[in-house]
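Accompanying notes for the structure given below.
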Amino acid sequence: MRCYRRTWMMMAMVCLVGLCLGCPGNGTTQPGGTDPKGDDVAPNGGLAGGGNGHVDVPPPFTIPKVVLDAAQDVACQVKQYEAMPDATLTDLAGKTCSLAELREGKKLTVVCFWQDGIRATQMLQDLQADCFAVYAEKGVQVVGVNVGDAEPAVRQQIDDMAVKFPTLLDPDGVLFAKVATADYSRVYLLDADGKILWFDIQFADDTRRILDESIKLVIKGS
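Each residue of the sequence shown is one higher than the one before, counting from 734 in the numbering used here.
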């Protein structure tokens, strides 16, 4: 009787071990010989590049539509796809010229309106380093228009930041009044004919990104 019971227990243990060995556990190889890798899983739940799954490809960049709230819409005298107004102003060398003259022969022109302040300082520095220094030789003009500041103060700020692109003085806001009624820190991207392709009424990281990608898109397509 004892031998029979011992034999039955041994057979049960063998079956149990066999079942355990046949069960797929964590870290076992999946059919096809591919080991599941943690770094193959993308944050959105899909599979990242290098895995076996589908890789999500972002859509190609297009110049976005400018979305304004009610107050911003009222403050904007000109909108996306409209022509940028023009005016004859004086530069820091005492010469008179217009926006049309400065953008003549250029594929694109970036116009930034500014008034002394922290945001304007950052905007001018970034446009000098990331736009004018990079794209000037590729047919992109950058023009700064100061609104309302005294000429000596504008000159000092431009010199301190080593800004090389043209700066026009709009002391009475003649040109700016044709463009907007508020928010002096504005950036406009114009095509060769002076049409507004895109603009923003603040200068943040997203503004820099969209401006850079928009310039690249137009240059590539020209």
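Note that beta-carbon positions come from the ideal geometry of N, C-alpha and C, so glycine has one too.
Model, not experiment: these values are computed from the prediction.
Per the DSSP calculation, residue i is bridged to which residue(s)?
| i | result |
| --- | --- |
| G877 | C845 and T900 |
| F865 | F865 is not bridged to any residue. |
| I929 | L923 |
| T821 | S831 |
| A816 | K928 |
For the candidate residues the options, whose alpha-carbon lies nearest to that of residue i?
| i | options | result |
| --- | --- | --- |
| P885 | D824, S947 and G872 | D824 |
| L908 | G954, V811 and K828 | V811 |
| S965 | R941, T940, G872 and D916 | In this structure the chain extends from 734 to 955, so residue 965 is not present and cannot be described. |
| G850 | V887, P792 and D933 | V887 |
| I929 | P818, L801 and V807 | P818 |
| I948 | L901, G906 and A869 | A869 |
| M856 | Q890, E837 and K953 | Q890 |
| L822 | D926, Q805 and D905 | D905 |
| D903 | D893, Y917 and D924 | Y917 |
| F932 | M894, I796, D802 and F865 | I796 |
| R836 | A925, E946 and R942 | A925 |
| E946 | C864, G877 and E834 | C864 |
| L860 | K828, R942 and L801 | R942 |
| T881 | D892, A862 and A915 | For the record, residue 881 in the displayed sequence is Gly; it is not Thr. Taking only the C-alpha atoms, the option nearest G881 is A915. |
What distance in whole Å lies between the Cβ atoms of residue j and residue i, which are believed to be in contact at a cut-off of 8 Å?
| i | j | result |
| --- | --- | --- |
| A972 | C830 | This structure does not reach residue 972, given that the chain is present from 734 up to 955, and the question cannot be answered. |
| F936 | R852 | 6 Å |
| T900 | G877 | 4 Å |
What is the residue span of the alpha helix (DSSP H) that residue i lies within?
| i | result |
| --- | --- |
| S918 | Run containing S918: none; DSSP gives neither H nor E here. |
| T854 | I851 to D859 |
| S700 | Within the shown structure, residues of the chain are numbered from 734 to 955, placing residue 700 beyond reach of any answer. |
| P885 | E884 to D893 |
Please tell me whether residue i and residue j are closer than 8 Å, where the distance is taken between their beta carbons.
| i | j | result |
| --- | --- | --- |
| N879 | Q848 | yes |
| L841 | L944 | no |
| F898 | V867 | no |
| V998 | C845 | Nothing about residue 998 can be read from this structure; the chain reaches only from 734 to 955. |
| K911 | A820 | yes |
| T854 | M894 | yes |
| Q805 | I934 | yes |
Which two residues bound the contiguous beta strand (DSSP E) that contains residue i?
| i | result |
| --- | --- |
| D692 | The requested residue 692 does not occur in the structure, where the chain is confined to residues 734 to 955. |
Counting only C-beta atoms, is residue i closer than 8 Å to chain D at any point?
| i | result |
| --- | --- |
| V878 | Looking for chain D here will not work: only one protein chain is present. |
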